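To keep things clear, I will list the structure first and then write my remarks on it.
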Amino acid sequence: MAISVDELVISYGDTHAVQGVSFTADRGALTVLLGPNGAGKTSTVEHLEGYRPATSGSARVLGLDPIRDHRTLRSQVGIMLQSGGIPTAIRPRELLRQYAGFFSDPLDVDELLERTRLTERSRTPFRRLSGGEQQRLSLALALIGRPQVLLLDEPTAGMDLDGREAVRAILDELRADGACILLTTHDLDEAERTADHLVVIRDGRVVADGTLAELTRRDDTERFTFRCDDRLDPDALGAELGAAVLRTGPGAFRVDAAPTPDTIAAVAAHLATRGLRLDDLRTGAARLEDVFRDLTSDATAAPNASGDTA
Amino acid sequence: MSAFTSQLRTEVALASRQGEQLLVSLGIPLLVLVFFSLVDVVEVADVEQAVDYVAPATLALAVMSTAMVSLGIGTGFERQYGVLKRLGASPLGTRRLVGAKTALVVLTEVSQFVVLISVAVLIGWRPPTAGWVPALAGAALGTLAFAGIGLLLAGTLPGLGTLAAANGLYLVLLLTGGMIVPLDRLPSAVAAVAGLLPAAALVEVMTGSFIAGRTVGAQAWIVLAFWAVAAPAAAIRWFRWE
Numbered sequence: 001m002a003i004s005v006d007e008l009v010i011s012y013g014d015t016h017a018v019q020g021v022s023f024t025a026d027r028g029a030l031t032v033l034l035g036p037n038g039a040g041k042t043s044t045v046e047h048l049e050g051y052r053p054a055t056s057g058s059a060r061v062l063g064l065d066p067i068r069d070h071r072t073l074r075s076q077v078g079i080m081l082q083s084g085g086i087p088t089a090i091r092p093r094e095l096l097r098q099y100a101g102f103f104s105d106p107l108d109v110d111e112l113l114e115r116t117r118l119t120e121r122s123r124t125p126f127r128r129l130s131g132g133e134q135q136r137l138s139l140a141l142a143l144i145g146r147p148q149v150l151l152l153d154e155p156t157a158g159m160d161l162d163g164r165e166a167v168r169a170i171l172d173e174l175r176a177d178g179a180c181i182l183l184t185t186h187d188l189d190e191a192e193r194t195a196d197h198l199v200v201i202r203d204g205r206v207v208a209d210g211t212l213a214e215l216t217r218r219d220d221t222e223r224f225t226f227r228c229d230d231r232l233d234p235d236a237l238g239a240e241l242g243a244a245v246l247r248t249g250p251g252a253f254r255v256d257a258a259p260t261p262d263t264i265a266a267v268a269a270h271l272a273t274r275g276l277r278l279d280d281l282r283t284g285a286a287r288l289e290d291v292f293r294d295l296t297s298d299a300t301a302a303p304n305a306s307g308d309t310a
Numbered sequence: 311m312s313a314f315t316s317q318l319r320t321e322v323a324l325a326s327r328q329g330e331q332l333l334v335s336l337g338i339p340l341l342v343l344v345f346f347s348l349v350d351v352v353e354v355a356d357v358e359q360a361v362d363y364v365a366p367a368t369l370a371l372a373v374m375s376t377a378m379v380s381l382g383i384g385t386g387f388e389r390q391y392g393v394l395k396r397l398g399a400s401p402l403g404t405r406r407l408v409g410a411k412t413a414l415v416v417l418t419e420v421s422q423f424v425v426l427i428s429v430a431v432l433i434g435w436r437p438p439t440a441g442w443v444p445a446l447a448g449a450a451l452g453t454l455a456f457a458g459i460g461l462l463l464a465g466t467l468p469g470l471g472t473l474a475a476a477n478g479l480y481l482v483l484l485l486t487g488g489m490i491v492p493l494d495r496l497p498s499a500v501a502a503v504a505g506l507l508p509a510a511a512l513v514e515v516m517t518g519s520f521i522a523g524r525t526v527g528a529q530a531w532i533v534l535a536f537w538a539v540a541a542p543a544a545a546i547r548w549f550r551w552e
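See the structure below:
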């Protein structure tokens, strides 16, 4: 395994940003550190990058201590900061050539510009690039030294769809080449699409750890979920089915009954007579969004979300 | 290409794109040199022509503008934008980063000196050969002192704060450092305090080295040496990378 974090605690004065986080990340896999803003994702990653000393606990990157062995690690770890880090007047090709000079066997600058779709913008000052282009350049910078480990803090923030596709394609190649990729995000869609392994973090603690299938598996077969226009009255549907129907969020519903063909047909018929469209019917697995909401919202707040709001 | 040259090349490219910094490091010293050499406002008893005093004082001004103002402001914004933080995670290393910044300062000062000395000679300055060794030693000490001050500001204040403080300090030291107005023209209390600051000390070393019949007082060397050690030490002690 390329990264291991063991009971990591990071405090700033009275603020305990990270409170005993443990997880591992393997080579050839993309591990996503998922959590709401302020959960402790960046502090954790910054420890692995060698910036933040641990208050207690420990971490290993390629078997080395990220703080003590920083000098050895910095040629083997590629990083992408959440924001900044690049002079506003510098041009993409110039920046990549500068950093290429720091490594013994860097990637070819022009090829890298092509891969990150920045060739056309290679002579544009950084401050005049779009948010997505700036992020792609920052990713290119992380890749220039052929790192074995990539630490990416919110890599797709502010990117349009094309940019995200480009980044996903690059990350897929790197993963296939055996790199260990750890990225943080609060974007569930991003996590659901890319992660081999998810670590959900909240208030500085790990609240879930596993593959997407593991996290979204439902042990009970006595319920199913679907999405539909909010005009649906769950009580009317529930009365017809003879089972509880709950609104779990805007346009999201849960039926507490086994998803038999008859029940599903009854739901579809109920919606059809009201001119409503049935969408995203799920029987075996929950949506990551629902799991995430359950994991990261306060226990006392959870019933409210499924109750009488809206 | 080595990591050092790669960094230095970027430093030079970025510095050459900073028009306002070029103005401070070359435009203002050049303006001061030409204006005060040709317009008869500086009265110095022991020199035949104004340029004999103004030229060495302008060299001191050039050192201050590059080592304190340009270096300080540039580094301050790099710190604010996380550029230093990002470089810290690369294999460049602190030593080569500091080395590249030092080389940029020296290269800039060499260009300033070439331009300023050429223009001063055109105006009629004839510096004695014996003055060069102490003057260059003074320039080296002054560079250390002012770079230490610039980096101390850059490492403790936000980018705009550094900009304001470095420019403000530049103006104060320009006026009280004997760079335009000789120190003996200032109120004696101001002159006494100014004499303990690196600007006046550097000006005394420069003018003392080049003006015939003058010598550099021990106090100027001591003050300059003190700042050359204390300012970088303070910068190392208090500089925060982000």
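The listed protein sequences derive, respectively, from chains A and B. Sequential numbering from 1 applies to the first sequence in my numbering. Sequential numbering from 311 applies to the second sequence in my numbering. Where a beta carbon is used, it is the ideal one built from N, C-alpha and C, also for glycine. The structure displayed is predicted, hence computed values, not measured ones.
Same chain only: Cβ atoms within 6 angstroms of residue i, ignoring 5 sequence neighbours per side
i	result
SER306 (chain A)	Confidence is the limiting factor: at SER306 (chain A) the pLDDT is only 35, short of 50, which leaves the residue's position unreliable, though a coordinate-based value still follows. Hits under 6 angstroms: LEU246 and THR248.
SER316 (chain B)	none
PRO259 (chain A)	PHE224 and THR283
PRO315 (chain A)	What is shown of chain A runs 1 to 310, which leaves residue 315 (chain A) out entirely.
ARG117 (chain A)	ALA166
ARG205 (chain A)	GLN19
PRO437 (chain B)	PHE520
ILE427 (chain B)	none
ALA541 (chain B)	ALA455, GLY458 and ILE459
ARG123 (chain A)	ARG91
Listed by chain order, chain B residues near residue i by CB distance under 8 angstroms
i	result
TYR12 (chain A)	Result: empty, since nearest Cβ-Cβ is about 13 angstroms, beyond 8 angstroms.
ALA89 (chain A)	LEU324, ARG327 and GLN328
GLU94 (chain A)	THR320 and ALA323
GLY163 (chain A)	Residues of chain B passing the Cβ test: none, with the nearest at roughly 20 angstroms.
Own chain residues within Cβ distance below 8 angstroms of residue i, not counting five before or after
i	result
THR525 (chain B)	GLY518
GLU7 (chain A)	GLY20, VAL21, SER22, SER56, GLY57 and SER58
ASP256 (chain A)	GLU222, ARG223, ALA243, ALA244, VAL245 and LEU246
VAL352 (chain B)	PHE346, ALA360, TYR363, VAL364, ILE490, VAL491 and PRO492
From the options, residue whose alpha carbon lies closest to that of residue i
i	options	result
PRO508 (chain B)	B:GLU321, B:ALA475 and B:GLY458	B:GLY458
ASP105 (chain A)	A:GLU173, A:GLU154, A:LEU73 and A:ILE144	A:ILE144
GLU240 (chain A)	A:THR221, A:ARG227 and A:ALA269	A:ALA269
GLY460 (chain B)	B:ARG389, B:VAL420 and B:VAL533	B:ARG389
ASP290 (chain A)	A:ASP256, A:VAL255, A:THR216 and A:ARG277	A:THR216
VAL513 (chain B)	B:GLY452, B:TRP537 and B:LEU394	B:GLY452
GLN134 (chain A)	A:GLY85, A:LEU107 and A:LEU161	A:GLY85
LEU343 (chain B)	B:ALA449, B:VAL425 and B:ASN477	B:VAL425
ALA528 (chain B)	B:ALA522, B:ALA540 and B:LEU506	B:LEU506
ALA285 (chain A)	A:ARG254, A:ALA2 and A:ALA265	A:ARG254
ASP177 (chain A)	A:GLN148, A:PHE292 and A:SER297	A:GLN148
ALA53 (chain A)	A:LYS41, A:ARG71 and A:TYR12	Note on residue identity: the sequence assigns Pro, not Ala, to residue 53 (chain A). The shortest Cα separation from PRO53 (chain A) among A:LYS41, A:ARG71 and A:TYR12 belongs to A:TYR12.
ALA266 (chain A)	A:PRO36, A:ASP294, A:ALA236 and A:PHE292	A:ALA236
Interface partners of residue i on chain A, CB under 9 angstroms
i	result
THR412 (chain B)	Simply none; closest approach about 18 angstroms.
GLN359 (chain B)	Those within 9 angstroms of GLN359 (chain B) in chain A number zero; the least Cβ separation is about 42 angstroms.
SER316 (chain B)	ARG97, GLN98, TYR99, ALA100, GLY101 and PHE102
Integer Cβ distance of residue i from residue j, believed to fall under 8 angstroms
i	j	result
LEU73 (chain A)	LEU64 (chain A)	6 angstroms
ALA445 (chain B)	PRO366 (chain B)	7 angstroms
VAL32 (chain A)	LEU198 (chain A)	5 angstroms
ALA510 (chain B)	GLY488 (chain B)	5 angstroms
SER4 (chain A)	THR24 (chain A)	5 angstroms
PHE314 (chain B)	GLY409 (chain B)	6 angstroms
GLU49 (chain A)	LEU151 (chain A)	6 angstroms
GLY251 (chain A)	ALA244 (chain A)	About 18 angstroms separates the two Cβ atoms, so there is no contact after all.
LYS395 (chain B)	GLU321 (chain B)	So it is not a contact: roughly 17 angstroms between Cβ atoms.
8 angstroms Cβ cut-off: residues of chain A touching residue i
i	result
SER312 (chain B)	GLY101
Under 9 angstroms by beta carbon: chain B residues contacting residue i
i	result
SER75 (chain A)	SER400 and PRO401
LEU81 (chain A)	GLY392, LYS395, ARG396 and ALA399
ILE86 (chain A)	TYR391, GLY392, VAL393 and ARG396
Contacting residues, own chain, Cβ-Cβ under 7 angstroms from residue i (five flanking each side not counted)
i	result
ARG327 (chain B)	none
VAL361 (chain B)	SER347, ALA430, ILE433, GLY434 and TRP435
LEU112 (chain A)	LEU96, ALA140, LEU143 and ILE144
LEU397 (chain B)	LEU407
Neighbouring residues, chain B, relative to residue i (Cβ below 7 angstroms)
i	result
GLY50 (chain A)	ALA399
ILE3 (chain A)	Within 7 angstroms Cβ-Cβ: nothing; ILE3 (chain A) doesn't reach chain B, min ~16 angstroms.
GLU154 (chain A)	Under the 7 angstroms cutoff, chain B gives no residues; its nearest Cβ is about 14 angstroms from GLU154 (chain A).
Below-8 angstroms beta-carbon distance, residue i vs any chain D residue
i	result
LEU33 (chain A)	Protein chains in the displayed structure are A and B, and chain D is not among them.
Under 7 angstroms by beta carbon: chain A residues contacting residue i
i	result
THR517 (chain B)	Under the 7 angstroms cutoff, chain A gives no residues; its nearest Cβ is about 37 angstroms from THR517 (chain B).
Under 7 angstroms, CB to CB, which of the residues in the region 389-401 of chain B have a partner in chain A? Answer set for the region 389-401 of chain B: TYR391, GLY392, VAL393, LYS395, ARG396, ALA399, SER400 and PRO401.
By the 7 angstroms beta-carbon criterion, what residues does the region 324-340 of chain B contribute toward chain A? Within the region 324-340 of chain B, the residues whose Cβ lies closer than 7 angstroms to some Cβ of chain A are LEU324 and ARG327, listed in chain order.
Where the region 113-132 of chain A meets chain B: residues whose CB sits under 8 angstroms from a CB there: Among the residues of the region 113-132 of chain A, none has a Cβ less than 8 angstroms away from any Cβ of chain B.
According to a CB-to-CB cut-off of less than 9 angstroms, which residues of the region 264-288 of chain A neighbour chain B? Under the 9 angstroms Cβ criterion, the region 264-288 of chain A contributes no residue.
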